[in-house]
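Undergrad: Residue numbers (the working numbering): 8 to 241. All C-beta atoms, glycine included, are put in the ideal place defined by N, C-alpha and C. Note that this is a predicted model, so its numbers are computed, not measured. Attaching a single structure in structure tokens format; questions to follow.
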């Protein structure tokens, strides 16, 4: 109840929903609750989730750059195509905008194709479902229908398939405004193999003036102390 009261001071609508369907179902139900006719009053819709901290740098920098792009939808970061598909072992996972932030403009979100995409969305019952049926599909699906997209920080500008994780220090040097929460509680062996130095990340956050106390008070609720200690040289 206290959380809802606090949210009500900074939001026009607070929707409480059953915790099912991962972020995909949250996007679906939020749009349906808001209403397609009411949505038509707006120029741009942003679908974002809570898997990142930010803004590390002002979001105004991001919007100034992307508002100048003549596109139908855009994202902050992307994941490169992967072969074989990491979940199925065969085929490929297409390169795609990552679902923590997808901005959709009016011509696209008012289209029949966009509404059908959400109306026909099957129930999401696992993390793999959320990738296969939405995150890994959204970009190629709408691009194939003729909608044009762009990325603020294209993965092709960095030396890995998943730069928001594997090359986070480089991306922060380029003033990426968000930081994925997962880096704080991910497998230390993975960070070690990829030479991801957590202290390099927190040093950059401090230089940017981001309040680290907000991060620690959040991640200690669910991350294992040993993992935090190892990943961030505490």
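What does a CB cutoff of less than 6 angstroms around residue 53 pick up in its chain, not counting 5 residues either side in sequence?
TA: For the purposes of this step, residue 53 is taken as residue 46 along the chain shown, with counting starting at 1. Cβ within range, chain order: 110.
Undergrad: Residue 190 lies in the beta strand (DSSP E); which residues open and close that run?
TA: Walking along the chain shown from the start, residue 190 turns up at place 183. Run containing residue 190: none in the beta strand (DSSP E); it sits in the alpha helix (DSSP H), 189 to 192.
Undergrad: For a test of the three-state rule: what should DSSP assign to residue 100, helix, strand or coil?
TA: Within the chain shown, numbered from 1, the residue matching residue 100 stands at position 93. Three-state result, residue 100: strand.
Undergrad: I believe residue 188 touches residue 66 by the beta-carbon criterion, under 8 angstroms. Please report the beta-carbon distance rounded to the nearest angstrom.
TA: As a first step, residue 188 must be located in the chain shown, where it is residue number 181. As a first step, residue 66 must be located in the chain shown, where it is residue number 59. That pair is no contact at about 18 angstroms.
Undergrad: Between which two residues does the alpha helix (DSSP H) harbouring residue 137 extend?
TA: Translated into the one-based positions of the chain shown, residue 137 becomes position 130. Segment 134 to 137, the alpha helix (DSSP H) holding residue 137.
Undergrad: Per DSSP, which residues does residue 110 bridge with? Please list them.
TA: Taking the chain shown and counting its residues from 1, the one referred to as residue 110 is at position 103. Answer by DSSP bridge pairing, in chain order: 53, 81.
Undergrad: Taking residue 214 as the reference, give the member of 100, 180, 69, 171 with the closest Cα.
TA: Position 207 of the chain shown, counted from the start, is the residue given in the question as residue 214. Checking every option, the nearest Cα to that of residue 214 belongs to 180.
Undergrad: So, with DSSP's three-state summary, where would you put residue 148?
TA: The residue given as residue 148 occupies position 141 in the chain shown. In this structure, residue 148 counts as helix in the three-state DSSP scheme.
Undergrad: In chain order, which beta strand (DSSP E) runs of at least 3 residues are fully inside the segment 145 to 186?
TA: Correct list: 156 to 160.
Undergrad: How many angstroms separate the CA atom of residue 5 from the CA atom of residue 146?
TA: With the chain covering 8 to 241 only, the question about residue 5 has no answer from this structure.
Undergrad: Three-state secondary structure (DSSP) at residue 60?
TA: For this step, residue 60 is matched to residue 53 along the chain shown. It is a strand residue.
Undergrad: My assumption, with CB atoms under 8 angstroms, is that residue 139 sits in contact with residue 94. Please give the rounded CB distance.
TA: Numbered from 1 along the chain shown, position 132 holds the residue referred to as residue 139. Numbered from 1 along the chain shown, position 87 holds the residue referred to as residue 94. Yes, they are in contact, since the Cβ atoms of residue 139 and residue 94 sit about 7 angstroms apart, within 8 angstroms.
Undergrad: For the alpha helix (DSSP H) containing residue 17, name the first residue and the last one.
TA: Looking up residue 17 in the chain shown gives position 10. Careful: residue 17 lies outside any alpha helix (DSSP H) and carries neither H nor E.
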